[in-house]
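Positions 1 to 126 (the UniProt record's numbering) are the ones given, in order, by the sequence shown. C-beta: ideal position from N, C-alpha, C; glycine also. A short write-up of the structure that comes next.
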Amino acid sequence: MKAQVNEIKENLQTFSGTNFFYQIPLLKTRFTDGLKYLAEVAECFWLITDTSVIAKSLMNRSEFVTIDFRRLSKEKQDFTGYEAEIIYTDGNDNILEKHGYRVTDFPLDELRLFFVNNTLMLSSEY
């Protein structure tokens, strides 16, 4: 799994901008080439859906939303009962919302996404 994680991290760095936008039909939100790649190789379409729903609900509080996925340390997992968390901020470190995930099979320990103009993207694609 470690080799796959390193390969995913390396490949994510190659995305800047996007050639195509993909749409989540029910939400009418869009996502980019980098996220399509990530969703396919890491089998994490749930991440695109979850973060899109929540970020879209925060648009009345901030036009720009920064989304940070973090796997918690073993100590913090034992204390909180969550394996990972996703924190939504306004880009200036003001927390808008935080969600804990008790279990996740997401291969990366951390990931930053942006949601702007109804579009979810890798930070490198902004």
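Take residue 58 and list the residues in its own chain whose beta-carbon comes closer than 7 Å to its own, dropping the five residues that flank it on each side.
Answer for residue 58: 65, 88, 96, 97, listed in chain order.
For residue 35, is the classification buried or exposed, using 16 other Cβ atoms within 10 angstroms of its Cβ as the cut-off for buried?
Residue 35 comes out buried.
Here's the rule: buried if 16 or more other CB atoms are within 10 angstroms of the residue's CB, otherwise exposed. What is residue 14?
Under this definition residue 14 is an exposed residue.
Unbroken alpha helix (DSSP H) runs of length 4 or more, entirely within the UniProt domain "DUF6876" (7-126): which are they?
Taking only runs of at least 4 residues, the alpha helix (DSSP H) segments lying wholly in the UniProt domain "DUF6876" (7-126) are 33-41, 45-57, 74-80.
Contact between the region 118-125 and the region 78-93: three or more CB pairs below 8 Å?
No, they do not touch.
Only counting the same chain, and skipping five residues up and downstream in sequence, which positions put a Cβ closer than 7 Å to that of residue 100?
The residues are 80, 82, 85.
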